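What follows is a short report on a single structure.
2 protein chains.
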Amino acid sequence: MKITVLSGGVGGARFTRGLLAHLGPEADVTVIANTGDDMWLHGVRVCPDLDTLMYTLGGGVHEEQGWGRRDESRRTSDDLAAYGLGWEWFTLGDLDLATHLARTELLRAGLPLSEVTRRLCERWQPGVRLLPASDDEVETHVATADGFIHFEEWWVRHRASVPAQGFVQVGLEGSAAAPGVLAALIDADVVVLPPSNPVVSIGTILSLPGVRDALRSCAGPVVGVSPIVGGAPVRGMADACLDAIGVETTALAVAEHYGLRADGGILDAWLVDTADADVVDPLRSTGWVASATDTLMVDVPATARIAASALELVRSRL
Amino acid sequence: MKITVLSGGVGGARFTRGLLAHLGPEADVTVIANTGDDMWLHGVRVCPDLDTLMYTLGGGVHEEQGWGRRDESRRTSDDLAAYGLGWEWFTLGDLDLATHLARTELLRAGLPLSEVTRRLCERWQPGVRLLPASDDEVETHVATADGFIHFEEWWVRHRASVPAQGFVQVGLEGSAAAPGVLAALIDADVVVLPPSNPVVSIGTILSLPGVRDALRSCAGPVVGVSPIVGGAPVRGMADACLDAIGVETTALAVAEHYGLRADGGILDAWLVDTADADVVDPLRSTGWVASATDTLMVDVPATARIAASALELVRSRL
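Here it is as structure tokens:
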């Protein structure tokens, strides 16, 4: 069974780790990672979501933090601050920096990000085919009252506390999905949307040319796991992102934002938390496949059960 | 008294530190640093001689090693090796890397290396005006039997043990000395050549357009300190470089290689070690100002005395 996952960072990476635990060694999983958070910082290319996926699936992640490397240090970053340059609030961990330097060397040698990612994964062996959403530099910027800032500045420096008026993807025009991305959606037996940020993670992937059409062309079902539990994001500050695009922070509103494939949207099925069990019937009455389960990814076995529930939801179509 | 120094890395930096100790707080010293060893490595710009000068004069150098930062670590470099990329034999120290990242950020922002260096020196306060020889990327490559390799690969990886057939400066055509370099030579009250490598450090600076002419135009004297003591380089592998260009590894041969200004060369005076006192008379008989002293830079006070001896040698013309 070929499974394709659209993923942001921490939430998507943890979900995918659970999915792999559920599937076992025969898993055939492709992960399409959001690259809208990527940036050039001090001359090196930083790809937060790709790195979180590599480290989480490759066994190197800082478990409590959810991103970055375990046993990390910040000698370079602390010393860099003495120059008074750059983003002092954005720590480039010493080990993480090795990934950025390796990536930058290969990019500067002319390799596309998808090929660079394949090479970096030779070290991490994430157990999935990891694809960047795009080889092009399409970066999410945030419109604020004071102008546009890079998404990472809004997210990390301001903790999403500066009101966002919207998001723009700089470089979207003329960009393309990376090689393999559209085929991985069209040919999948099932596509899964983990509880990643629906606006700046999944939404960013969806906006790339051809991605929505590929999802609609997929013969297999598309199932999503709600990132909203009881009216709040499970993790992160998705509510601030949803506010900016005028979507309520509820499991139902996010489902309707994605939309039902039969009605021109991208999903067939929606798995919500038991705290939101009341939305299951309304969804079913409008043509959705839906159910509720405990969606808190407290550990790998619990996450494996959530992934199993998502697949179970569309089993009749597999 | 305006003093201009042409410098390579360790030897030139230590000499300049001694010169500053001799001159005291009123020193007005410009250092023109060799940039032929510079390179792009993993996407960041490494400038070995500029860094050695900044760290040595700014109080941050690894004293025993002579280059790099004190209290250095190599977490990033060690982790980078796990990707199997790049120059595994070239360690980018974690603290040193902060300098490379700061430099790269400013270069990528479009600033010339001379302005970048000025900004980095705001942190290090080296007590001199530190100028890169050129803002252009003019890199020394070594011709070997197996083709050309970057100077740093020959020097650091092969320890100069692969026979060099010659040196080429890639990018020399169309390049220029950095802003301020020629003026610092023409307007100097005295120009000093420390015991740096005469081929790949001083020689590289001398080959930049206008530098030799500027030295010849200088109204003040030009005095050099021999890097060769008793037929061997004081430090490093200058003999391998001299061999490649057909110059004997002797204090006399290096003086003749530089040449007397009166005869179209670049020097007026040559300070040799007491071990080479026998070359003083032959030099004097051919028009040189010359003398011998203990030139081993064992500590800062000893180095200050060597610098004082060099200035004393041309005192009648100051």
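The listed protein sequences derive, respectively, from chains W and P.
Using the UniProt record's numbering, you'd call the opening residue of the first sequence number 1 and step up by one each time.
Using the UniProt record's numbering, you'd call the opening residue of the second sequence number 1 and step up by one each time.
Backbone N, C-alpha and C fix where the C-beta goes; we use that ideal spot for every residue, glycine too.
From a predicted model like this one, the values you see are computed outputs, not experimental measurements.
Chain-order list of residues whose beta-carbon lies under 6 Å from that of residue i (same chain, five-residue window excluded)
i, result
"D273/W", "V229 and T295"
"G68/W", "H62, G93 and D96"
"G220/P", "A188, D189 and V190"
"S175/W", "S134, D136 and V138"
"A178/W", "S114, L131, P132, S134 and D135"
"residue 325/W", "With chain W covering only 1 through 318, there is no way to say anything about residue 325/W."
"A143/W", "Q165 and G166"
"A27/W", "L20"
Cβ neighbour criterion (16 or more within 10 Å) applied to residue i
i, result
"V116/P", "buried"
"V168/W", "exposed"
"G59/P", "exposed"
"P25/P", "exposed"
"G147/P", "exposed"
"S201/P", "buried"
"D268/W", "buried"
"D49/W", "buried"
"S196/P", "buried"
"T286/P", "exposed"
"S161/W", "exposed"
"R284/W", "exposed"
"A164/P", "buried"
"G236/W", "buried"
"V298/W", "exposed"
"R17/W", "buried"
"L57/P", "buried"
"R70/P", "exposed"
"E152/P", "buried"
"L318/W", "exposed"
"P282/W", "exposed"
"A304/W", "buried"
Chain-order list of residues whose beta-carbon lies under 7 Å from that of residue i (same chain, five-residue window excluded)
i, result
"E88/P", "A81"
"R119/P", "L106"
"V314/P", "V190, P221, V223, D268, A269 and V289"
"T91/W", "R74 and S77"
"A240/P", "A160 and A164"
Endpoints, beta strand (DSSP E) assigned at residue i
i, result
"V192/W", "V190 to L193"
"R129/P", "R129 to P132"
"A290/W", "V289 to T293"
"T286/W", "It is not in any beta strand (DSSP E) - T286/W carries neither H nor E in the DSSP assignment."
"A307/P", "It is not in any beta strand (DSSP E) - A307/P instead sits in the alpha helix (DSSP H) that spans V300 to L313."
"L6/P", "K2 to S7"
"W40/P", "M39 to L41"
"T117/P", "Premise fails: T117/P lies in the alpha helix (DSSP H), L113 to W124, not in any beta strand (DSSP E)."
"W270/P", "A269 to D273"
"V142/P", "E139 to T144"
"V29/W", "D28 to A33"
"H150/W", "G147 to H150"
Cβ shell of residue i (< 8 Å), same chain only, five flanking positions each side left out
i, result
"P86/W", "For clarity, residue 86/W is Gly in the given sequence; the question names Pro instead. Same-chain partners within the cutoff: L41, H42 and L80."
"A277/W", "A292"
"L185/P", "T4, I32, V191, V211, A214, L215, S217 and C218"
"A232/W", "D239 and T249"
"L101/P", "V44"
Residue i - containing alpha helix (DSSP H), residue span
i, result
"V10/W", "V10 to L23"
"G166/P", "Counting along the chain, G166/P falls outside any alpha helix (DSSP H), though it belongs to the beta strand (DSSP E) covering G166 to V170."
"H257/W", "A251 to Y258"
"T56/W", "P48 to G58"
Chain C residues whose Cβ lies nearer than 8 Å to that of residue i
i, result
"A102/W", "Absence of chain C from the displayed structure is noted, the protein chains being W and P."
### Contact set between the segment 109-121 of chain P and chain W, restricted to residues whose Cβ is under 9 Å from the partner
R119 and L120
### Query
Enumerated in chain order, which unbroken segments of the beta strand (DSSP E) with a length of 3 residues or greater are wholly contained in the segment 74-110 of chain W?
none
### Near-chain W residues of the segment 72-99 of chain P - C-beta to any C-beta below 7 Å
Per Cβ criterion, the list reads S73, R75, T76, D79, L80, A82, Y83, L85, G86, D94, L95, L97 and A98.
### Task
Give, in chain order, every residue of the segment 10-44 of chain W whose Cβ lies closer than 9 Å to some Cβ of chain P.
W40, L41, H42, G43 and V44
### Task
Would you list, in chain order, the members of the segment 296-312 of chain W that have their beta-carbon closer than 8 Å to a beta-carbon of chain P?
none
### Chain-ordered residues of the segment 135-167 of chain W with a beta carbon less than 9 Å from chain P
none
### Query
Between the segment 44-59 of chain P and chain W, which residues of the former have a C-beta closer than 8 Å to a C-beta of the latter?
V44 and R45
### Task
Would you mind listing the beta strand (DSSP E) stretches within the segment 186-252 of chain P that are 3+ residues and don't spill past its ends, in chain order?
190-193 and 222-225
### Query
Mind listing which residues of the segment 61-72 of chain W have their C-beta closer than 7 Å to chain P's C-betas, in chain order?
Identification of residues in the segment 61-72 of chain W having a C-beta nearer than 7 Å to some C-beta of chain P yields an empty set.
#### Entry: Residues, ordered as in the chain, of the segment 168-184 of chain W that lie near chain P by beta-carbon distance below 9 Å
For chain P, none of the residues of the segment 168-184 of chain W brings a beta carbon within less than 9 Å of one of its beta carbons.
### Query
Got a sec: which bits of the segment 201-233 of chain W sit with their beta carbon under 7 Å from any beta carbon on chain P, in order along the chain?
none
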